[in-house]
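Each residue of the sequence shown is one higher than the last, beginning at 14 in the working numbering. Note that the Cβ used here is the ideal one computed from N, Cα and C, for glycine as well. Please read these numbers as outputs of a predicted model, since none were measured by experiment. Everything below concerns the one structure shown next.
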Amino acid sequence: MSEAPKRVKAGDKVGKGRYVCVDCGLEFEINDSQQDLRKCPACACEMYDCFPVTHIRDDIKTPDDVKNPPKRK
Ligand SMILES: [Zn+2]
14 MSEAPKRVKA
24 GDKVGKGRYV
34 CVDCGLEFEI
44 NDSQQDLRKC
54 PACACEMYDC
64 FPVTHIRDDI
74 KTPDDVKNPP
84 KRK
């Protein structure tokens, strides 16, 4: 079972992690400990899925991989 990403909204104070726009899939990382989340620059969507950096695996490189993680060998 993989952990469900946390849903966050533009304007929230967010921490380190990877953020994926729920609408267009735009992906970016935030490396500051506290930062205001902006609207998506591509589609102005305000909702993101948050993937904490600690959960990122070497074999997960795209948003599709996050939704369907490759099986470990
Ligand atoms: Zn977007």
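Take residue i as the anchor and find which of the options has the nearest alpha-carbon.
{"i": "residue 26", "options": "61, 36 and 85", "result": "61"}
{"i": "residue 37", "options": "82, 17, 64 and 76", "result": "76"}
{"i": "residue 44", "options": "17, 65, 57 and 72", "result": "65"}
{"i": "residue 57", "options": "39, 48 and 63", "result": "39"}
{"i": "residue 23", "options": "17, 59 and 80", "result": "59"}
Mind checking whether residue i and residue j have CB atoms under 9 angstroms apart?
{"i": "residue 29", "j": "residue 46", "result": "yes"}
{"i": "residue 93", "j": "residue 21", "result": "Residue 93 falls outside the range modelled here, since the chain spans only 14 to 86, and no answer is possible."}
How would you write the range of the beta strand (DSSP E) that residue i sits in, first residue to last?
{"i": "residue 85", "result": "Run containing residue 85: none; DSSP gives neither H nor E here."}
{"i": "residue 30", "result": "30-34"}
{"i": "residue 72", "result": "Residue 72 -> no beta strand (DSSP E), and no H or E assigned at all."}
To the nearest angstrom, how far is it from the Cα of residue i to the Cα of residue j?
{"i": "residue 31", "j": "residue 51", "result": "13 angstroms"}
{"i": "residue 85", "j": "residue 55", "result": "33 angstroms"}
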